[in-house]
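> Handing you this structure, nothing more for now.
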Amino acid sequence: MALNNAKDTDILLQPVNDNLFHWQGLIKGPPETSFEKGWFKLDFQIDQNYPINPPKAKFITRIFHPNIHFETGEICLDILKPQHWSPAWTLESLCRAIVNLLVNPNADSPLNCDCGNQIRAGDMLAYRTMAYMYTVEFACEESKEEAEMILMQRKLQE
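In the numbering used here, the protein residues as written are 6 to 163.
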């Protein structure tokens, strides 16, 4: 059951086992970045006070990015903190903010220190190369196939 109102096919969202407190998303890597060939799986845990409280969000797909913990998938993004969260945000708009984070990394707030150090040192070639290698290794085939299945299901429901 794909409950996705996204106007494009770069963000796919659906509840896990029809549980509205647990969602998974797939986001397409943004164009003209080292992530553009990948589909990245996200996990969202929603508490009873949503949308007053932000969801807990993390990457399931491994990714090389300064603001994403490589092992746990934790995301360092201000809007995921209660003091910066707005009830106007939806899971789709949160996914768009995460895509924007992929385009605009913040090396001053790293969860992946090696990656943050590369950017702070101005070694963008090393950062982009590592991000591309991790995208090819972890985000290309399996996630793409899953995205295609969800898109096909959505077309059948229309």
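Glycine included, C-beta positions come from ideal geometry on N, C-alpha and C.
1) What's the C-alpha gap between Glu97 and Leu130?
2) Ignoring anything shorter than 3 residues or poking outside the region 37-90, list the beta strand (DSSP E) runs there in chain order.
3) Can you give me the start and stop residues for the alpha helix (DSSP H) that Gly121 sits inside?
4) Where does the unbroken beta strand (DSSP E) through Asn105 begin, and where does it stop?
5) On the DSSP bridge list, what partners appear for Gly34?
6) Going by C-alpha to C-alpha distance, which of Cys145, Val141, Asn105, Leu47 sits closest to Ile65?
7) Please check the pair Gly30 and Phe49, which I expect to be a contact at CB under 8 Å, by giving their CB distance rounded to whole angstroms.
Quick look at the numbers:
1) For the purposes of this step, residue 97 is identified with residue 92 of the sequence shown, where counting begins at 1. For the purposes of this step, residue 130 is identified with residue 125 of the sequence shown, where counting begins at 1. So the two alpha carbons sit approximately 31 Å from each other.
2) With a minimum length of 3 residues, the continuous beta strand (DSSP E) runs that stay inside the region 37-90 are 44-50, 61-64.
3) Numbered from its first residue, the sequence shown carries residue 121 at position 116. Segment 118-125, the alpha helix (DSSP H) holding Gly121.
4) One-based indexing of the sequence shown puts residue 105 at position 100. Note, Asn105: premise wrong, no beta strand (DSSP E); alpha helix (DSSP H) at 96-108.
5) Residue numbering aside, residue 34 sits at position 29 when the sequence shown is read from its first letter. Per DSSP, none; premise fails for Gly34.
6) Position 60 of the sequence shown, counted from the first residue, corresponds to residue 65. Cα-wise, what sits closest to Ile65 is Leu47.
7) Walking along the sequence shown from the start, residue 30 turns up at place 25. Walking along the sequence shown from the start, residue 49 turns up at place 44. Between Gly30 and Phe49 the beta-carbon gap is near 7 Å, inside 8 Å, which marks them as a contact.
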